[in-house]
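Order-wise, the sequence lines are chains A and B.
Here the first sequence stands for residues 1 to 667, where the numbers follow the numbering used here.
Here the second sequence stands for residues 1001 to 1411, where the numbers follow the numbering used here.
Just so you know, even glycine gets a beta-carbon here, dropped at the ideal spot from N, CA and C.
Structure first, commentary second.
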Amino acid sequence: MAMEMTEKNRADRFVQALNTLAEAQPFAKQLYQNHFFQEAGRQMDTLDGMEMLYSYADRFDEAGVFEGGPWQDPSKLQPNLVNGSLRVDGVESIVAALSELRMVAIAQGRVEHEKVSAEEAKEYVNEVMALNLDFIFPEEVDDEGAQQGKETERAQRLFKVIVDQMSLKALSGTLIEEIVRLSVQRPIMVDRIQLMVEKAAQLMNSNVDEEHRKEIERYYRAISQLTPLSQKHSDYKDYRQELKNLDEGELKKEAEAFAESMRETGLVSPYHVILIRYLNRSKTDLLPTALSLNAKGKANLEENLSLVRELIKVAIHLPTRQSLYGFARMLERGVLSYHPVVPGLRRLVELDIIPNVRQTLLNAFSDTDGLTANDIMTAGVISVLGQPLGVGQGLNPTCQSARALSLWSIHAPGYLLELVARAARDGDIDMDFEGDTIHSKDLPGGLAPELHKELDPVSLILVPHLDRIYAEMVRRVQFRLDDPHKWVNPAFYGQWIPNGFTKVFDHLTGNVTDYAPFVRLFYATHHPEYNEGYEMTYPNPVGICITTVYGKMLGFHAISIQRIAKDPKGEYRVYFYNPNNDSSQNWGQGIKPAVRGHGEYEGESSLPFHQFVSRLYAFHYNPYEQGDAFAVEDETVEQIEKLARESWGQEYNWIGKNALGCGYGAM
Amino acid sequence: MEAKQPVALIGWSLPMMEAADRLNRPFVVVGPPSCESYARRYDIPFVGWDFERLNNEIPMEQRLEHAGELYDRLKEYGVRLAIPLFEETVEWAGALNGMFREDPRLFYHSLLFRHKAKMKRRALIGGLSVGVFEEGNNREDVRRFLQRINDVHLQADREAPIHIKPFDRAGAAGHRLIQSEKDIEEKLDDSNFPCLMESHLEGVEVSCEVFIHRGKIKFLNITEYVVFGYSMMAPPSPEIEKKRPQIRKACQQLIDAFQLEYGVIHPEFFLADDGRIHFGEVAFRVPGGHIYELIQKTYGFNPFEAHLLCFDPDVKDEEFKSLFPDERKANGHAGSLLVYPRVKRIQGLDIPKELEEHPGFDRHNMFTPVERKVPDREGYGNHHGTVFFYHQDCEQVRQPLRDFVKHDFYI
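So, in structure tokens, the structure goes:
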């Protein structure tokens, strides 16, 4: 017995721990899980060990490895949580890795699971791979790499084993889908898309489908050397020099190529920025071509040419290149014609920014190349004004704030500019609530210290303030007998939000109460065929229940309905903005929000009307714009109620007036 | 055997439930209400009882009358016997058994284990060697006691220390070492009273796990406290093992003094250089510090199962014959090192390579915790992690038990 732990010895210890765990009664698994995780963790220190673990992965579920913990039910696993779990220093990353090995074993048909089929497991693992490219293709190890933790190395080993089992070919398909899916939503922040494109480019040399290869190449070029000239002169200085030698026709061709790629992918090549800055100096008449502007955009540009030239000079640089897309969209939205916008933008260029905001903005880019905080702030504002639905909450639980920025960008750009200036200069913003003025600088806490910093500049400046004010408003009304959002939303977002408010949960008991009238009211206030034809004027901030691919309740989420209209096929759809910028998820029961192909505008998601209603739990409405609730067909209400009850509704008691009665389904 | 009536496990303990399940003995768990959902998930018969709240509200002596409700609820399950598992459940089990067997004396008997002065007095009456002790109600009492002890010690160079302990707390909770007037001012406040005051006992401290049935010792384990409060080893090193017959005798004396028939006791003794054995204190429950796991590792039987059997008067003698091995023939030595964070906020874990490569290293159970803030600890509190050692040579266990006490595992 007395000997150092050899590899053989370690393997024996692992198998012994697994057997002991397997023999225990379900209620006592807990006693043996810790030791099992210790031994499993040891195995993860080597690639051989990781492979050995996979060879036992078909036994994990049966042995009770996940018993009693959040990984127990594989049908509840979320691919997007895997990356975070694997990075946690502690037992979580070990269990997460074991869970992935188990899913691969199910996908490979080595073991059957009652809740997840091999096909579902395969889909899951493919998605996990697509979301963990940083582990599959680790960054080149430079000085930073020296500090990468043992969790990172462990995760890299895990994915080596997974990639060995699953095909990278399948991955390239998922990867492209993922890239298309994300980029078609035109988010302001494209770091993740760029990373995926770069990783996908590494796949091009392996045996990938020709079709996939072309797609990858298209995206890769969009962020790199797109044109023959930029391929030939890849050094930025050389390229800039070469531009001077082009004649008018050649310049136009160059401009068209970049503009087309940017419009197709939403991604901006650094060479595009060099070209734009060159044109801005000496060939402004080519700017509309280089941005591929429509008539409205061209008109807006001509009308404000001196400001446009100034803004390009200030805001469009290599690090902020992505703002070029927002710039083009801003011109096309005609935002510069709003009276307060032009002075508001000019003010930003010279604004005195307080030191901590300045530092936050400068930290937002790894290489600022001599940029000032004002340059970055202006670029950020341009993005938000051009891509109101591209505002994202990042990894922060701040969907409320993201919704607000998006709404103001569309309907109150002057107000938004005012807020940005105040927060950046004064470190304070204020809002009125029920007769009091609330100043953000007076409020404690909020998310500011913990804010995840992968955010656009405007969010970096404003979210800490907005989040505190929102929380304070909720705090002030939290003990009233109805949902705080009823009072907070109109005060926070502004007068665009109607005062009528309803939700499916009884505020005191948490029971689902009177679901059928809730559905009818939504139809009567929102569906064009039942609401007497009132069109939606402003986005409506609503609450939805997010469900997993298996229809299980995952949590509450805040989104905004942008508009309701018929899609090209004549079906009514709800078009909405999802601040998590990852809108096309699978919510189970065949409900898959789409981001394209159904008449969506950039950044919108959409669902058929009734499917959307089945996930809705709270909304605002205008009591003066209401049609006949009784006119809604009983079958429609029943169909929606069934979808709700069999998904998130399983977690709640149903009482009151429901189309399907109280005794329906399992209680 | 007649249809089995369940036993009540007083306290929530998964290893004990597992033991009952292995023995195929039906059981009902009496545990804190927070455990109810877990019990329901696994169909474990469960009666919720909020020991923490009730022990705060009801004085010890009155718990018998308050146990009536618990008795009624257990009766519904046909329970015939209550088995105490933790310090704060001992008198509740005593009260229940008093009612099951219609002998209220069993309750008062259990109180002897819950009051350190009563316990000492009883041991003294039974002829065991104990230190000088008194009950103290305030600092003035402590001052006087310290004075009296020092009056007789006649030590010129330093004051003889005394110990202050609450009557009814497990382990080292509330234990204070008093060496001077200054200590009395600084280490004691009103929350320390009433208390037991006792003179300091010299010697090596060991604990015993004594498995008793029909008043006789069925098995005696001796655990050596390598670094008091931090690390222990079973069976002990040879110099202590040599004294097994005398220790066994002291244990039997204790059993007789307490007129114990059934159960497991966990007394602590001081082995003085001159061969005398002083009694420290005794508990009537599962010992802490993973001692049962050490016993299981070295003796190869399951002490949790033995615990259940020893408390049960209906168990036949033969059942013990196949259960207990020869207590003088252990297979190697096993040790546990209890790890307490010495930082306020845990940043990470440092498991030294020398530990994992040590011949005596068996395993540890530490991961970087999710909750990084370390709660204020009282007494030795709950340890955050444990390192286990195992080796045939006791030095390969005892040495690291000493050395790694100093190491900061949580950083």
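On the DSSP bridge list, what partners appear for residue i?
i        : result
M1232(B) : Y1225(B) and S1336(B)
G1263(B) : I1212(B)
T547(A)  : M553(A)
Y577(A)  : S560(A)
T706(A)  : Absent from the model: residue 706(A). The displayed extent of chain A is 1 to 667, so no value can be given.
I1277(B) : L1271(B)
A618(A)  : K503(A) and G543(A)
V1028(B) : A1008(B)
H1364(B) : V1387(B)
G1048(B) : G1031(B)
W654(A)  : V512(A)
G1136(B) : C1195(B)
L1081(B) : V1007(B)
Kindly indicate which residue of the options has the alpha-carbon position closest to the one of residue i.
i        : options                                   : result
M129(A)  : H113(A), Q156(A) and E151(A)              : Q156(A)
H1290(B) : I1277(B), F1304(B) and F1284(B)           : F1304(B)
K283(A)  : G68(A), V104(A), E153(A) and K244(A)      : K244(A)
Q562(A)  : G555(A), K552(A) and R573(A)              : R573(A)
D369(A)  : R321(A), V161(A) and D352(A)              : R321(A)
R1169(B) : L1112(B), P1026(B) and E1319(B)           : L1112(B)
L31(A)   : N1138(B), F1269(B) and A1019(B)           : A1019(B)
P464(A)  : A424(A), M377(A) and N80(A)               : A424(A)
I382(A)  : S401(A), V512(A) and R333(A)              : R333(A)
L1013(B) : Q1005(B), F1027(B) and K1004(B)           : Note that residue 1013(B) is Ser in the sequence shown, not Leu. Out of Q1005(B), F1027(B) and K1004(B), F1027(B) has the C-alpha closest to the C-alpha of S1013(B).
M1099(B) : N1192(B), K1116(B), R1080(B) and D1362(B) : R1080(B)
K1329(B) : G1335(B), P1084(B), P1238(B) and L1309(B) : P1238(B)
G1215(B) : C1310(B), N1221(B) and P1236(B)           : C1310(B)
Y1042(B) : P26(A), F258(A) and H452(A)               : P26(A)
E434(A)  : W587(A), P228(A), E651(A) and N489(A)     : N489(A)
L101(A)  : E350(A), R87(A), V82(A) and K115(A)       : V82(A)
N622(A)  : R596(A), G500(A), G69(A) and F14(A)       : G500(A)
K1075(B) : E1224(B), P1287(B), Q1005(B) and L1260(B) : Q1005(B)
D153(A)  : G649(A), N586(A) and R87(A)               : In the sequence on display, residue 153(A) carries Glu and not Asp. When only C-alpha atoms are compared, the closest one is R87(A).
Residues of chain B with a CB under 8 Å from the CB of residue i: which are they?
i      : result
A28(A) : L1014, P1015, M1017, E1018 and D1021
Interface residues of chain B around residue i at Cβ under 9 Å?
i       : result
Q16(A)  : Those do not exist, as Q16(A) stays about 11 Å from chain B at its closest Cβ, beyond 9 Å.
N540(A) : Here the premise fails: no neighbours, minimum Cβ distance about 38 Å.
Q393(A) : Residues of chain B passing the Cβ test: none, with the nearest at roughly 24 Å.
Applying a beta-carbon distance threshold of less than 7 Å, which residues of chain A neighbour residue i?
i        : result
V1370(B) : G90
N1365(B) : N34, H35 and Q38
G1011(B) : Under the 7 Å cutoff, chain A gives no residues; its nearest Cβ is about 15 Å from G1011(B).
Report the neighbours of residue i on chain B: residues whose CB is nearer than 7 Å to its CB, in chain order.
i      : result
Q25(A) : E1018 and D1021
Using a C-beta to C-beta distance shorter than 8 Å, which residues of chain A count as neighbours of residue i?
i        : result
G1348(B) : D89
Next item on the list: Examine the Cβ distances between the stretch 1077 to 1089 of chain B and the stretch 1050 to 1065 of chain B and report whether three or more of them are shorter than 8 Å.
Entry: Yes: the two stretches touch, three or more of their Cβ pairs being nearer than 8 Å.
Next item on the list: Assess, as a yes-or-no matter, whether the stretch 53 to 63 of chain A is touched by the stretch 513 to 533 of chain A under the definition of 3 or more beta carbon pairs within less than 8 Å.
Entry: When Cβ pairs closer than 8 Å are counted between the two stretches, the stretch 513 to 533 of chain A is seen not to touch the stretch 53 to 63 of chain A, the count staying below three.
Check: When Cβ atoms are compared, which residues of the stretch 28 to 47 of chain A fall closer than 7 Å to chain B?
Finding: Those residues of the stretch 28 to 47 of chain A that come within reach of chain B (Cβ to Cβ, closer than 7 Å) are A28, Q30, L31, N34, H35 and Q38.
Checklist line | chain A contacts from the stretch 1068 to 1088 of chain B (Cβ-Cβ distance under 7 Å) | finding: Result list empty, no residue passes.
Next item on the list: Take every Cβ of the stretch 1174 to 1187 of chain B, pair it with every Cβ of the stretch 1250 to 1258 of chain B, and state whether three or more of those distances are shorter than 8 Å.
Entry: Between the stretch 1174 to 1187 of chain B and the stretch 1250 to 1258 of chain B there are fewer than three C-beta pairs closer than 8 Å, too few to call the two in contact.
Checklist line | Under 9 Å (Cβ pairs) to chain A, residues found in the stretch 1036 to 1053 of chain B | finding: Cβ contacts with chain A come from Y1038, A1039, R1041, Y1042, D1043 and I1044.
Check: On the three-pair Cβ rule with 8 Å, is the stretch 471 to 479 of chain A touching the stretch 211 to 222 of chain A?
Finding: Short answer: they don't touch.
Notebook entry, point to check: Touch check for the stretch 1204 to 1223 of chain B and the stretch 1149 to 1168 of chain B: three-plus C-beta pairs under 8 Å?
Noted result: Because the criterion of three Cβ pairs below 8 Å is not met, the stretch 1204 to 1223 of chain B and the stretch 1149 to 1168 of chain B do not touch.
Margin query: Would you call the stretch 297 to 312 of chain A in contact with the stretch 351 to 362 of chain A, where contact means no fewer than 3 C-beta pairs closer than 8 Å?
Written below: The answer is no - the stretch 351 to 362 of chain A does not touch the stretch 297 to 312 of chain A, with fewer than three Cβ pairs under 8 Å.
Next item on the list: Spell out a yes or no on whether the stretch 263 to 279 of chain A and the stretch 188 to 196 of chain A are touching, meaning 3 or more CB-CB pairs, one atom from each, closer than 8 Å.
Entry: A contact exists between the stretch 263 to 279 of chain A and the stretch 188 to 196 of chain A.
Note to self: Does the structure place the stretch 1054 to 1066 of chain B close enough to the stretch 1029 to 1041 of chain B that three or more beta carbon pairs sit under 8 Å?
What the structure shows: For the pair of segments examined, the stretch 1029 to 1041 of chain B was found not to touch the stretch 1054 to 1066 of chain B: the number of CB pairs separated by less than 8 Å stays below three.
Margin query: Taking 8 Å as the cut-off, does the stretch 1356 to 1369 of chain B touch the stretch 81 to 93 of chain A (at least 3 CB pairs, one atom from each stretch)?
Written below: As far as the Cβ criterion goes, the stretch 81 to 93 of chain A touches the stretch 1356 to 1369 of chain B, which means the pair count is three or higher.
Margin query: Contact between the stretch 384 to 391 of chain A and the stretch 598 to 605 of chain A is defined here as three or more beta-carbon pairs at a separation below 8 Å; is this criterion met?
Written below: Judged by Cβ distances under 8 Å, the stretch 384 to 391 of chain A makes contact with the stretch 598 to 605 of chain A, as three or more pairs qualify.
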